[in-house]
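One structure is given here, and the rest of the page talks about it.
2 protein chains.
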Amino acid sequence: MTETATLAARYTISMNQLPVLTAAPMGLRERRRRDTLREVSNAAIELFERNGVTETTVDDIAETAGISQRTFFRYYSTKEQAVCACDVGLGTVMERAVAAIRAGAPVVAALEDAWMRLFDELDASPEEHRRTLRVRRLVQSEPTLLARTLANEAERIEELTAAAVDAAGPGIDVLTARALFTVISTTTRLAFDEWARRVEKGADASVRDIYLDLRRGLGTYAKHLTDDLR
Amino acid sequence: MTETATLAARYTISMNQLPVLTAAPMGLRERRRRDTLREVSNAAIELFERNGVTETTVDDIAETAGISQRTFFRYYSTKEQAVCACDVGLGTVMERAVAAIRAGAPVVAALEDAWMRLFDELDASPEEHRRTLRVRRLVQSEPTLLARTLANEAERIEELTAAAVDAAGPGIDVLTARALFTVISTTTRLAFDEWARRVEKGADASVRDIYLDLRRGLGTYAKHLTDDLR
DNA sequence: TGCCAAAGTGGCAGTCTCTGTCATATAATT
DNA sequence: AATTATATGACAGAGACTGCCACTTTGGCA
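If you're matching them up, the sequences are chains F and W in order. Heads up, the working numbering is the position in the first sequence plus 130, with the first residue counted as 1. Heads up, the working numbering is the position in the second sequence plus 130, with the first residue counted as 1.
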């Protein structure tokens, strides 16, 4: 791999890596980078909503955001990523969950707490709230965005699993840990979807409540899971 | 949409639709089609294993399979699909699960039974067994294949959910049903992954047993899920 | 303050994926 | 055997993405 490639990789959003909590000095460079990330993402959302993903070209997005196509690809690896990468504050959730796990918290609680905090923060910020809703709607209606979202989710789960192994030592039941992370992530995604659906219908809904409902529903069924099958 | 597009769609594997159980007369045409599907898939597996997905072009696969690039795309919509589409006998599982659900079986049991039957059939057919192993290994090591697999999985879950709603009427708890299907599908996938890992290490493992272990493990944790969070 | 190295940007060429179209060939139907 | 429905390959063309290079901007640092 060439040096150029390495540098590019460092600066391309391959999954989700907005350093939300890093309170570094952040010079002009970093500030502009974030602004551009945001602008490009907004342009993508806008165009996807208006014309659909397939009808929207990278050139369209780049032009709307006022950058060249070449530069677009330095910010997002695909047009789908422009919408999916920072999709809700995933970066924050991951950081908190990993931190909690490394601090010795039970894995399920660590991840669930991190999500709960995000839910609350979303409720507190009307702007993020609205943006998240638009993104979820898009992801629901556009298969290519869903595909990208699921891939990102899988990547996050692997990170979490790695963190858990790292924190708890190799004695941990990796398989079950991975399964639990997956179930929680999935449930969260379904909760967001349902939330988007309800808001769409005019009802006002809370992601948190939907998640808890879903959780309870799963629990009811799961009580039988320790029984043998057949 | 033009007529050509419609026809093409009918004949392109967009997810997984090998009509495994259709005992129709099956003329020469259909037989050849299946042979080609298989050959192309084999070529893809072979080349992906040898050179990796990104290093393998559609032209490479097409040439190896002895068809033109244009024809390749009439069989599979992307090079990833050539490996992921018929990935284990998903078609069979889906058909059986949907049939059972329409016949009034409980949704969880319907899907789990269908998977169990596939596990057993895999154990009974060394060839399919081996092929499945190669595919799972590839999917594990190649992110683009994983992405495709997850997207296919999501598509299947929607089909199942639709079948459940259709069979049980709109009174059903769609949200929970979708969640249960997702959890089962996910668990199955993780079981296959673990199975591939173990076989890799020389241990001989059974997907069925791993699935049941995982199921029990989840059940143990899930007993607490009906308790309120915090 | 002024200079230098590091980093960001745009343009261009080139590869690869994927689709529409059409002429040709092969199976299915009657 | 004649007709029709499908499959195939070749070609053209759009769009996604990458490497490369010239040029500009930013962030220290003397």
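We put the beta carbon where it would ideally sit given N, CA and C, even for glycine. Remember, predicted model here, so these are calculated numbers, not experimental data.
Rounded straight-line distance, which links the Cα of residue 319 of chain F to that of residue 298 of chain F: 27 Å
Option nearest residue 277 of chain F by Cα separation, candidates W:220, W:210 and W:239: W:210
Where residue 240 of chain F falls: helix, strand or coil (DSSP): helix
Cβ of residue 234 of chain W within 7 Å of any chain F Cβ: no
Residue 271 of chain F and residue 212 of chain F closer than 7 Å at C-beta: no
Limits of the alpha helix (DSSP H) - the one that residue 347 of chain W falls within: 337-352
Residue span of the alpha helix (DSSP H) that contains residue 205 of chain W, given as start and end: 199-205
The alpha helix (DSSP H) enclosing residue 193 of chain W, as first and last residue numbers: 188-195
Members of the segment 202-228 of chain F near chain W, C-beta cut-off 7 Å: none
CB contact check: residue 261 of chain F to chain W, cutoff 7 Å: no
Residue 165 of chain F: first and last residue of the uninterrupted alpha helix (DSSP H) it sits in: 158-181
Residue 347 of chain F and residue 316 of chain W closer than 7 Å at C-beta: no
Neighbourhood of residue 241 of chain W by C-beta, 6 Å cutoff - its chain only, sequence neighbours within 5 removed: 227 and 314
Nonlocal neighbours in the same chain, by C-beta distance under 8 Å from residue 355 of chain W, ignoring five residues either side: none
Same chain, Cβ closer than 8 Å to residue 169 of chain F, neighbours up to 5 away in sequence not counted: 195 and 196
Through-space distance from residue 281 of chain F to residue 269 of chain W, alpha-carbon basis: 12 Å
Residue 224 of chain W versus W:244, W:236 and W:206, residue with shortest Cα-Cα distance: W:244
Alpha-carbon to alpha-carbon, residue 262 of chain W and residue 174 of chain W: 14 Å
Supposed close pair residue 323 of chain F, residue 260 of chain F - CB separation, criterion 8 Å: That belief does not hold up - the Cβ atoms of residue 323 of chain F and residue 260 of chain F are roughly 17 Å apart, past 8 Å.
Cutoff 8 Å; reference residue 295 of chain F; Cβ partners in own chain excluding five residues on either side: 302, 304 and 307
C-alpha gap between residue 233 of chain F and residue 310 of chain F, whole angstroms: 19 Å
Where residue 208 of chain F falls: helix, strand or coil (DSSP): coil
Residue 340 of chain W versus residue 202 of chain F: straight-line alpha-carbon distance, rounded: 44 Å
Residue 303 of chain F - DSSP class collapsed to helix/strand/coil: coil
Proximal chain W residues relative to residue 248 of chain F, where beta-carbon distance stays under 7 Å: In chain order: nothing, as chain W lies at least about 14 Å away.
Residue 187 of chain F versus residue 214 of chain F: straight-line alpha-carbon distance, rounded: 16 Å
Residue 182 of chain W, buried or exposed, once every other Cβ within 10 Å from all chains shown has been counted against 16: exposed
For residue 190 of chain W and residue 342 of chain F, the rounded distance between their alpha carbons: 50 Å
For residue 214 of chain W, three-class secondary structure by DSSP: helix
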